[in-house]
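Below is one structure; the comments refer to it alone.
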Ligand SMILES: Cc1cc2nc3c(=O)[nH]c(=O)nc-3n(C[C@H](O)[C@H](O)[C@H](O)COP(=O)(O)OP(=O)(O)OC[C@H]3O[C@@H](n4cnc5c(N)ncnc54)[C@H](O)[C@@H]3O)c2cc1C
């Protein structure tokens, strides 16, 4: 293995960083500090050819291969003990084609960079709500964000991808070329290859109206019920979600209320401010906010507004669900567990996934559960490893309580390392086809450091499986 890695140094344009090399300690880190492992090599890939070299080296030597885009995976799939890491972070070029209304991004691009470039053209596509998250992992798992009610999931906006598959081939996946791979990439996670380039449909988005509002917990039931009903008829230009959140010590939060838990509403209206004001008035009629920071701002500014709450280096443990109907009983469960949110970094978001997400038929992409209306996430994040047990317990107890009110699966991108047994449920009826596409493109499961889809077994001549 040492020889193979040494040879790789001569064959790639990027950098190979090995234990003992300068920068190794920084290069081995991923966003979730709970993941403290030592890969055998991190290859900072400079181009497609570098990715091909790394994939071939891993496949030939049967090395564990981790693929890292933005590095935000909660289970830390962008690294592994003794693995070779294809780190795509140098591949962050973004090009906009105004005439075609598309934007093409390198496989390691973050949403912050993507949004900054497309904003200069007055355009955007659905991305995540934190700017440091990678376009790669987020899109491949689906991609829920402020714009998904209007424009669909991130993966719904993917029009083409350049992919290095397990045999080291560089292929295009879109509606015309390798359509089965293209289908699987849109929700199936990093199971099918390394995407070196993503091309997205982009839409006119400039200034939005919105921001966060914090409400008393005593108004929580009324607000959550109001949101549940409001969202069924809200214009698709309205993105946003209810949340449980400890108020940070910010200028717009009364000093004596910072550090206390609230029911929050984070909104993003991609339309005229007056209409946004009218929509938010409905919430004010239900309850007066204790604190708010609402107004017009560039979409890209909202996308980075909460980055400070989730700096790199926190401990992470998350759980996810899908919900068809947010019943009064489910709301009561949220009202029991949400207010116990233990740290200012932790949060619970109840993302609506209706609108344009429901325009796409359930089997048109690999993303599971298009029939769900909400994708709740219980995102435990805290700074001190000494508090792991307490924080993990909060997430688990909360999740166990909402499970009876949820579908069997959850959104793969919000799942934890101990959720591998839920992968089939996460995809529902699409799992079987995913497993078949996996067999076709990655029969030996080279890309297994992810919420793993197993290749469907090859039938043996006697009819049993091998
Ligand atoms: C703070 C924070 C905020 C988040 N907000 C949102 C949100 O608003 N909406 C949402 O939908 N999700 C959100 N997520 C979840 C996020 O979508 C997942 O964590 C996602 O996996 C992160 O992608 P990444 O590229 O940053 O991570 P990585 O750790 O680099 O990768 C995650 C997975 O994707 C694979 N992968 C990454 N890039 C590629 C590529 N180019 N080709 C092939 N495989 C690749 C990796 O192998 C790994 O399996 C958030 C996560 C965090 C930590």
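In the working numbering, the protein residues as written are 538 to 1003.
Backbone N, C-alpha and C define an ideal beta-carbon position, used for all residues, glycine too.
Because the structure is a prediction, the values reported are computed rather than measured.
CB contact flag (residue 707, residue 587, <8 angstroms): One-based indexing of the chain shown puts residue 707 at position 170. One-based indexing of the chain shown puts residue 587 at position 50. In this structure, residue 587 does not lie closer than 8 angstroms to residue 707 by Cβ.
Near ligand 1: residue 688 beta-carbon under 7 angstroms from a heavy atom: The residue labelled residue 688 in the question sits at position 151 within the chain shown. Result no, Cβ not under 7 angstroms from ligand 1.
Contiguous alpha helix (DSSP H) assignments of at least 4 residues, all confined to the segment 565-609: 585-598
Residue 667 beta carbon near ligand 1 (any heavy atom closer than 7 angstroms): Along the chain shown, one-based indexing puts residue 667 at 130. Result yes, Cβ under 7 angstroms from ligand 1.
Residue 555 beta carbon near ligand 1 (any heavy atom closer than 7 angstroms): Here residue 555 refers to the residue found at position 18 of the chain shown. Checking every heavy atom of ligand 1 against the Cβ of residue 555, none is found closer than 7 angstroms.
Spatial neighbours of residue 953 in its chain, beta-carbon cut-off 7 angstroms, leaving aside the 5 residues before and after: In the chain shown, the residue the question calls residue 953 occupies position 416. Closer than 7 angstroms at the Cβ level, and outside the excluded window around residue 953, lie 611, 612, 854, 855 and 856.
Cβ pair residue 669, residue 684 closer than 8 angstroms: Within the chain shown, the letter at position 132 stands for residue 669. Within the chain shown, the letter at position 147 stands for residue 684. Going by C-beta atoms, residue 669 is not nearer than 8 angstroms to residue 684.
Any non-hydrogen atom of ligand 1 closer than 7 angstroms to residue 670 Cβ: In the chain shown, the residue the question calls residue 670 occupies position 133. Yes, since a heavy atom of ligand 1 falls inside the 7 angstroms radius drawn around the Cβ of residue 670.
Helix, strand or coil at residue 661 according to DSSP, with G and I counted as helix: Counting from one through the chain shown, the residue named residue 661 turns up at place 124. Three-state DSSP puts residue 661 in a strand.
Residue of 984, 990 and 992 minimising C-alpha distance to residue 591: In the chain shown, counting from the first residue as 1, residue 591 sits at position 54. Nearest C-alpha to residue 591: 984.
Buried/exposed call for residue 850, threshold 16 Cβ in 10 Å: On the chain shown, position 313 is the one that residue 850 refers to. Exposed, because fewer than 16 other Cβ atoms sit within 10 Å of the Cβ of residue 850.
Cα-Cα separation between residue 963 and residue 609, rounded to whole angstroms: Stepping through the chain shown from its first residue, residue 963 is reached at position 426. Stepping through the chain shown from its first residue, residue 609 is reached at position 72. Rounded to the nearest angstrom, the two C-alpha atoms are 19 angstroms apart.
Classification of residue 769 by the beta-carbon crowding that lies within 10 angstroms, buried from 16 upward: Here residue 769 corresponds to residue number 232 of the chain shown, with the count starting at 1. Classification for residue 769: exposed.
Contact test: residue 745 Cβ vs ligand 2 heavy atom, cutoff 7 angstroms: Looking at this structure, you won't find ligand 2 anywhere; what it does contain is ligand 1.
Per-residue burial, residue 972 [other beta carbons within 10 Å of its own, 16 or more giving buried]: Within the chain shown, numbered from 1, the residue matching residue 972 stands at position 435. Buried, because 16 or more other Cβ atoms sit within 10 Å of the Cβ of residue 972.
Identity of the residue in 557, 810, 730 and 832 nearest residue 604 by Cα: The sequence position of residue 604 within the chain shown is 67, counting from 1. Nearest of 557, 810, 730 and 832 to residue 604, Cα basis: 730.
Cβ pair count under 8 angstroms reaching 3, the segment 765-781 against the segment 728-742: no
Distance between residue 560 and residue 634 (C-alpha atoms, nearest Å): As a position in the chain shown, residue 634 is number 97, starting the count at 1. As a position in the chain shown, residue 560 is number 23, starting the count at 1. Straight-line Cα distance between these residues: approximately 36 angstroms.
Within the segment 919-956, ranges of the alpha helix (DSSP H) (whole runs, at least 4 residues): 925-939
Three-state secondary structure assigned by DSSP to residue 750: Taking the chain shown and counting its residues from 1, one reaches residue 750 at position 213. Of the three classes helix, strand and coil, the one that applies to residue 750 here is strand, per DSSP.
Pair within 8 angstroms by beta-carbon distance, residue 897 and residue 807: Here residue 897 refers to the residue found at position 360 of the chain shown. Here residue 807 refers to the residue found at position 270 of the chain shown. Contact: no.
Through-space distance from residue 903 to residue 967, alpha-carbon basis: Within the chain shown, numbered from 1, the residue matching residue 967 stands at position 430. Within the chain shown, numbered from 1, the residue matching residue 903 stands at position 366. Distance between the alpha carbons of residue 967 and residue 903: 6 angstroms.
Whole beta strand (DSSP E) elements within the segment 830-867, 3-residue minimum: 832-835 and 852-857
Range covered by the alpha helix (DSSP H) that runs through residue 820: If you number the chain shown from 1, residue 820 lands on position 283. Looking at the DSSP string, the run of the alpha helix (DSSP H) that includes residue 820 is 810-823.
Buried or exposed (CB count within 10 angstroms, at least 16 for buried), residue 619: As a position in the chain shown, residue 619 is number 82, starting the count at 1. So residue 619 counts as exposed.
Proximal residues to residue 803 (C-beta, below 7 angstroms), its chain only, five neighbours per side dropped: Stepping through the chain shown from its first residue, residue 803 is reached at position 266. Cβ within range, chain order: 749, 777, 778 and 780.
Closer than 7 angstroms: residue 650 CB and nearest ligand 1 heavy atom: Residue numbering aside, residue 650 sits at position 113 when the chain shown is read from its first letter. For ligand 1, not one heavy atom lies less than 7 angstroms from the Cβ of residue 650.
Residue 887 beta carbon near ligand 1 (any heavy atom closer than 7 angstroms): The count along the chain shown starts at 1 and reaches residue 887 at position 350. Answer for residue 887: no, Cβ out of range of ligand 1.
Residue range of the unbroken beta strand (DSSP E) whose run includes residue 734: In the chain shown, residue 734 corresponds to position 197, counting from 1. Start and end: 731-738.
Pair within 8 angstroms by beta-carbon distance, residue 722 and residue 703: The sequence position of residue 722 within the chain shown is 185, counting from 1. The sequence position of residue 703 within the chain shown is 166, counting from 1. Result no, Cβ atoms of residue 722 and residue 703 do not sit closer than 8 angstroms.
Contact check, residue 840 vs residue 621, beta carbons under 8 angstroms: Your numbering for residue 840 matches position 303 in the chain shown. Your numbering for residue 621 matches position 84 in the chain shown. No, the Cβ-Cβ distance between residue 840 and residue 621 is not below 8 angstroms.
Three-state class that DSSP yields for residue 802 in the structure shown: Walking along the chain shown from the start, residue 802 turns up at place 265. It is a strand residue.
Which residues DSSP lists as bridging residue 634, in chain order: Taking the chain shown and counting its residues from 1, one reaches residue 634 at position 97. Answer by DSSP bridge pairing, in chain order: 639.
Nearest candidate by alpha-carbon position, reference residue 836, set 643, 542, 660 and 593: Position 299 of the chain shown, counted from the start, is the residue given in the question as residue 836. With distances taken between Cα atoms, residue 836 lies closest to 660.
Distance between residue 847 and residue 601 (C-alpha atoms, nearest Å): On the chain shown, position 64 is the one that residue 601 refers to. On the chain shown, position 310 is the one that residue 847 refers to. Rounded to whole angstroms, residue 601 to residue 847 spans 29 angstroms at the Cα level.
Residue 762 versus residue 884: straight-line alpha-carbon distance, rounded: Numbered from its first residue, the chain shown carries residue 762 at position 225. Numbered from its first residue, the chain shown carries residue 884 at position 347. In a straight line, the C-alpha of residue 762 is about 19 angstroms away from that of residue 884.
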